[in-house]
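In this note's numbering, the protein residues as written are -11 to 195. C-beta atoms are modelled at their ideal positions from N, C-alpha and C, and glycine is treated no differently. Computed from a predicted structure; not experimentally measured. Working notes for the structure below.
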């Protein structure tokens, strides 16, 4: 990167994106500066903003909530199952309100979460599933890898993750518009240290 004279998104980054997408079996994967940035841009790409609620487990790292608040949305907390430390489909379904626009399951300890039983109900209400899979890169959800199941899946490559590059994040996308949004936002994330702690949303989602 130093030899290329560009710090941030380079050809090396793009090659990494292609290899991760192939590994996950998805069309696109976009690199950003952190797992927090991945969640923030995923919410923006899903059109989450003021007046919206995001169903999220109460057992999670603060970054999950920071990403929601940075979009102007409100977290709607639910409890996790004691035997998995993850949310269950019934608990998610019971928490849905008219203001719900996204569900953000946290794959605690890398454990996959199966929401297939309520996906049709979520789809009917236009509710996106955005996975906080910070610890789940390489995990499986049945026969498919985590990242090939949700609408948007967010990974972290921080120093304590199972795949690390010192710092970084990755968002798997399922649509070209979501990919474009992430690339636009990712440029801001990679060049502005103030947005790393997310006091403000740096860009708007493509609808």
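- In this structure the stretch 30 to 39 touches the stretch 109 to 120; the number of beta carbon pairs closer than 8 Å is three or more.
- In the three-state scheme derived from DSSP, where H, G and I count as helix and E and B as strand, residue 82 is classed as helix.
- In the structure shown, the three-state DSSP call for residue 38 is coil.
- Counting the other CB atoms within 10 Å of its CB gives residue 112 a total below 16, which places it among the exposed residues.
- Apart from the 5 residues on each side of it in sequence, residue 128 sits with its Cβ closer than 8 Å to the Cβ of 100 and 134 in its chain, given in chain order.
- Between the stretch 52 to 60 and the stretch 70 to 84 there are fewer than three inter-stretch CB-CB distances shorter than 8 Å, so the stretches are not counted as touching.
- Collapsing the DSSP output to three states places residue 143 in a strand.
- A residue is called buried when at least 16 other Cβ atoms come within 10 angstroms of its Cβ; residue 23 meets this threshold and is buried.
- Nearest C-alpha to residue 69 among 91, 95 and 60: 95.
- Within the stretch 48 to 79, the complete alpha helix (DSSP H) segments of 4 residues or longer fall at 50 to 58, listed in chain order.
- As a beta-bridge residue in DSSP terms, residue 133 pairs with 128.
- DSSP, read as helix, strand or coil, puts residue 102 in coil.
- Residue environment for residue 18: buried (at least 16 other C-beta atoms within 10 angstroms of its C-beta).
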